[in-house]
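Here is the structure we will look at.
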Amino acid sequence: MDTLDSEEIRPSNAENENENENEINDEDNYDGLVYNVGDIEVVIKDDFANNDNLPVSFSLVVELDDVMTSVNTSSTTANQSLNSVAIEIAKHLQVQIKKGSEYYWEIRKTHVNKKDGEFTVYLGCTQRDDRQSNPNEESSKYEREVRPAIQRHQCKGNIKMKIDLLQRKARISFSHQSSHEKPTHRNINLSDEAINWIKNNIGYGIPKVEFYKRLSNDELIDPEKHTYQQVYYWVAKLSKSQFVTDTKNQLKSSKNFLEHCTQVDGGYKVIYYLENNFVRALGFTTPFLQLIERSNITELIVDSTFKTNQERFELFAAIVNNGGYGIPLAYLYLDTFAPLEDLPNNQSDNRIQNHIGQTNAIEAAWDERTIVQICLWHVEYAVERKMRETKEKNSQYTINVAQAANSQFKFIDPQWRPSNNATVCPEEHRKDVLLMIKKHALAHPLITNK
1 MDTLDSEEIR PSNAENENEN ENEINDEDNY DGLVYNVGDI EVVIKDDFAN
51 NDNLPVSFSL VVELDDVMTS VNTSSTTANQ SLNSVAIEIA KHLQVQIKKG
101 SEYYWEIRKT HVNKKDGEFT VYLGCTQRDD RQSNPNEESS KYEREVRPAI
151 QRHQCKGNIK MKIDLLQRKA RISFSHQSSH EKPTHRNINL SDEAINWIKN
201 NIGYGIPKVE FYKRLSNDEL IDPEKHTYQQ VYYWVAKLSK SQFVTDTKNQ
251 LKSSKNFLEH CTQVDGGYKV IYYLENNFVR ALGFTTPFLQ LIERSNITEL
301 IVDSTFKTNQ ERFELFAAIV NNGGYGIPLA YLYLDTFAPL EDLPNNQSDN
351 RIQNHIGQTN AIEAAWDERT IVQICLWHVE YAVERKMRET KEKNSQYTIN
401 VAQAANSQFK FIDPQWRPSN NATVCPEEHR KDVLLMIKKH ALAHPLITNK
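UniProt numbering numbers the first residue of the sequence shown as 1 and each following residue consecutively.
Laid out in C-alpha cells, this is it:
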C-alpha cells in the first residue's frame, strides 16, 4: 500500500474529530467553478456572510499556482516529510480562509497518498468546544494567566482540503454549524509600512519568495511572528492591481488589460467586444497568429471549456497543429449559449476531453447525430488513474445496470458481477489494457455514440 497516513497534528477529541469529518460532503453547494487562489477570500466571505446565524456548508475548487505546486514528492520517503509538503500547501490556503471566514483554523490531521500525488488535510475551528485545553496542563495554566481564556462554542467547525498535485487543484469543503464571536487573540498582522513596501515594489518582477526575505532584512516584519504565507497573501492580493482595472466587470477589465500598450506590443489584439442585456463576449488573437504562416495551417481545432470563472463564462479557443504542438491563435469568452441556437446544426465531428458537460453542449448546439470523439490522452489518464486505485470499494454495477448495458450492447454478459474485494486491475495487466485502448482509438478514429 503506497498510502501513508500521518498522526494528528494537534491533540483533539478523536471521537468528535472523526464524527465531524464524516459530516463534510465534498459536493455540498459546489458551484462547479474553479477559482484562483487570490479569489477565494471573497467567495468564502460571501458564503459566511450570507449564512450568518445559520449553518455554513459549501465546497469550492481552487487552482494552485506555481509557488504552491513547486514541491517534489518523488524523492520523499519519510512520512513526516510528506506531511510537511501537505501542510505547506495548506498553510497558503489557510491564510485566505482565515481572511474570508474571519475565524481561526488549525491543521489537525493529514493523509498522504504519494503514488497519486494527493493529500487530504483536515482543519478545525480553534474555538470548537472539543479544542478545550486540559486544565491540568502547566502550559494551559500559564496561558490563562497572561490572557483571558478563549470562549469555546459547539460550532463543529471543520474544513477538509483534498489537494491533487497532478491536477494542480484543491477541493475545499467547509462545515461550520453555528456562528459565534470572532477571535482576536492572534491579530499579528503586517504593518502598514510593510504592506506599502510590497505595493511600491510589486511591479519590479521580484519573485514572491523574495518579498519575505527583503521585508525581514529591512526589519519591516518580524520573522519570529510573521509567516511567509502572510507576506505571500499580500503579494498575491496587490498583484491584482497590475491586471484588474474594473473589479465589478471582469470582461471589461480583461479588455482594458489586453488593450494596454505592453499587451498590444506583445502581439495581442482585441477583435470582438460586445455587452448588452443578452450577450457578453470578448474575442482576441494571440501573437502566434502573426508568427505562423497561413500555409502551415491545415487543421483548425475549436476547444471549449465551460464555467471558467465566477461569472460562468464559456471559453472557446481556436487551436492549430504546428509541428505536433497545439498552438492557440485566438480566444473567445462568451456568457450565454443562446446565440448558438441560430447557427447551422450540420456539424458532424467534434473532439472533446472526457467531460460530460462538453458532450451535452455539443449535442445542444447541433444534435445527437454529431460524432463525439473523446480525447485519447484524457481517456488514458482517467483509465490509468482508476486502475491505480488500491482501496476496496463496493461496486455500483448492479443487476439492473448489467441488464441495461446488455440491452444496448449484446456482447456484455448480463450475469457478470465485479468482485467487491478485488483490485480494479492487477498491476501486471495495466500496460496491456492501455495499449488495447490506444490501438482501438487509432484504428477507429470516429466512433459514433450509436
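Glycine is no exception: its CB is placed at the ideal position from the N, C-alpha and C atoms.
Original post:
Among L82, Y35, Q415 and D130, which one has its Cα closest to the Cα of T110?
Top reply: L82
**OP:** Reducing DSSP to helix, strand and coil, say where N249 ends up.
**Re:** coil
Original post:
Helix or strand or just coil, what does DSSP make of W416?
Top reply: coil
**OP:** Any chance you could list the beta strand (DSSP E) runs of at least 3 consecutive residues sitting entirely within the segment 264 to 339, in chain order?
**Re:** 269 to 275, 280 to 285, 300 to 305, 314 to 322 and 325 to 334
Subject >> Closer than 7 Å to chain B by CB, E41 >> reply: No chain B is part of this structure, which consists of one protein chain only.
Subject >> For F243: DSSP bridge partner residues >> reply: Note: F243 sits in no beta bridge, so no partner.
**OP:** Return helix, strand or coil for S178, following the three-state DSSP convention.
**Re:** coil
**OP:** Sort out for me which residues DSSP pairs F58 with in a bridge.
**Re:** F174
**OP:** Within its chain, find whatever has a CB closer than 8 Å to the CB of A78; leave out the 5 residues flanking it on each side and keep chain order.
**Re:** Here A78 scores only 49 on pLDDT, less than 50, and its place in the model should not be relied on; the value that follows carries that caveat. Excluding sequence neighbours, A78 sits near nothing in its chain.
Subject >> For A404 and E181, the rounded distance between their alpha carbons >> reply: 54 Å
**OP:** Alpha carbon to alpha carbon, how far is S254 from K248? Give it in angstroms, no decimals.
**Re:** 12 Å
**OP:** Below 8 Å on the Cβ atoms is my guess for P223 versus T286; work out the distance and round it to an integer in Å.
**Re:** Wrong, their Cβ atoms sit about 42 Å apart, outside the cutoff.
Original post:
What is the DSSP secondary structure of L33, counted as helix, strand or coil?
Top reply: coil
**OP:** Return the residue from the list L442, P414 and E384 that minimises the CA-CA distance to P426.
**Re:** E384
**OP:** Taking all protein chains shown into account, decide if R171 is buried (16 or more other Cβ within 10 angstroms of its Cβ) or exposed.
**Re:** buried
**OP:** Look up residue 471 in the DSSP assignment and say whether it is helix, strand or coil.
**Re:** It is not possible to answer for residue 471, since the shown part of the chain is limited to 1 through 450.
**OP:** May I ask which residues mark the beginning and end of the alpha helix (DSSP H) holding I150?
**Re:** Here I150 belongs to no alpha helix (DSSP H), and DSSP marks it neither H nor E.
Original post:
Cβ atoms of W234 and I202: under 7 Å apart, would you say?
Top reply: no
Subject >> Classification of W105 by the beta-carbon crowding that lies within 10 angstroms, buried from 16 upward >> reply: buried
**OP:** Would you kindly check if the distance between the Cβ of L251 and the Cβ of L282 is under 7 Å?
**Re:** yes
Subject >> Cβ pair V61, K169 closer than 7 Å >> reply: yes
Original post:
When you compare only the Cα positions, how much space is there between L215 and N200?
Top reply: 13 Å
Subject >> Pair within 7 Å by beta-carbon distance, S175 and S57 >> reply: yes
Subject >> Paired residues, beta bridge with N53 - DSSP >> reply: Answer is none; N53 lacks a bridge partner.
Subject >> C-alpha gap between K98 and Q229, whole angstroms >> reply: 12 Å
Original post:
Run through DSSP, which three-state label would V235 get?
Top reply: helix
Original post:
Can we say the segment 289 to 298 touches the segment 319 to 328, given the rule of at least three CB pairs closer than 8 Å?
Top reply: yes
Subject >> One or two residues paired with M161 in a DSSP bridge >> reply: V121 and I172
**OP:** Using alpha carbons as the reference points, say which of F306, A86, N53 and L54 lies closest to M68.
**Re:** A86
Subject >> Secondary structure of R388, DSSP reduced to three states >> reply: coil
Subject >> For A260, three-class secondary structure by DSSP >> reply: Looking at the sequence itself, residue 260 is His, so the reference to Ala does not match. Coil, per DSSP.
Subject >> Nearest neighbour of K237, chosen from D52, V37, I89 and R152 [CA to CA] >> reply: V37
**OP:** Could you tell me which of Q167, K162, L334 and G124 sits nearest to H378, measuring between CA atoms?
**Re:** Q167
Subject >> Between the CA atoms of F284 and K208 - distance to the nearest angstrom >> reply: 29 Å
Subject >> CA-to-CA distance, C125 to S140, given in whole angstroms >> reply: Low local confidence applies: a pLDDT of 43 at S140 is under 50, so the model's placement there is unreliable, and no value is given.
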